[in-house]
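Residue numbers (this note's numbering), protein chains in the order written: chain A, 66 to 182; chain B, -7 to 105.
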């Protein structure tokens, strides 16, 4: 079984500052993928960034980067130069890369980020 | 491309009523999923369809049924709605890109009285 833990229910960050959203995971699968999704107040789920368990480098997508520490089983999302539009709920999720698992996602409970002026 | 579409956007039911949530995707994806989102609990998988013609239970399937009508459409049915099924329901389909990320529909907010 897989489990995702997001221990920060809410976070505040000032505009233009960087912020780290924590995510730890537990799995017995040797091969897995980690995702971050953003959910603004409008409700849609927006894919942000992906990290494979065998990727040698940390993933980056624009202002988003993933601080992947495999031995610690953590996959923290770093948002640089925060903008007001970054205010949203953020979900960490994972899936097994084993065949036959149909790429089912397991989600954490989310972190609500509020960007302030 | 419309992506993943869901109907209706909002619905209020009385306990015991039935309804079907519709989902369609135009991205030619094989796998589709139904999740529910409750406050403080993230998204939980109800049912999924790895490919046309197959469906399987997820984490919380009780009280639901699904139909994979064709490659595009995957519906979720509540036969006898209960207040515990008050939730926001998301349909998703899985990309065939290297990330295999899931694309989500806009959600259906369901209230069962």
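Just so you know, even glycine gets a beta-carbon here, dropped at the ideal spot from N, CA and C.
Less than 8 Å divides the Cβ of residue 154/A from the Cβ of residue 175/A. The criterion of a C-beta distance shorter than 8 Å is not satisfied by residue 127/A and residue 98/A.
In summary, residue 90/A is buried, with 16 or more beta-carbon neighbours lying within 10 Å of its beta-carbon over all protein chains present. In summary, residue 124/A is buried, with 16 or more beta-carbon neighbours lying within 10 Å of its beta-carbon over all protein chains present. Between the beta-carbon of residue 27/B and that of residue 13/B there is about 11 Å, and that puts the pair past the 8 Å contact cut. It is roughly 12 Å from the alpha-carbon of residue 6/B to the alpha-carbon of residue 70/B. The stretch 133 to 141 of chain A makes contact with the stretch 74 to 90 of chain A: 3 or more CB pairs, one atom from each, lie closer than 8 Å. Going by beta carbons, residue 68/B and residue 4/B fall outside the 8 Å limit. Within chain A, no C-beta atom comes nearer than 9 Å to that of residue 14/B; the closest sits roughly 17 Å away.
CA-to-CA, the gap between residue -5/B and residue 66/A works out to about 30 Å. Within chain A, no residue has its CB atom less than 7 Å from the CB of residue -6/B, the nearest being about 13 Å off. In the DSSP assignment, residue 117/A forms a beta bridge with 98/A. In chain order, 167 and 168 make up the part of chain A whose C-beta sits under 8 Å from the C-beta of residue 23/B. According to the DSSP assignment, residue 135/A belongs to no beta strand (DSSP E), since it is labelled neither H nor E. For residue 91/A, the enclosing beta strand (DSSP E) starts and ends at 89 to 91. Closest in C-alpha terms to residue 181/A, from the list 70/A, 68/A, 77/A and 72/A, comes 77/A. Within chain A, not a single residue places a beta-carbon under 8 Å from that of residue 102/B; the smallest gap is close to 13 Å. Cβ proximity to chain A below 9 Å picks out 23, 25, 27, 29, 32, 33, 34, 35, 36, 37, 40, 41 and 42 from the stretch 17 to 42 of chain B. Residue pairing of residue 126/A in beta bridges, as defined by DSSP: 129/A.
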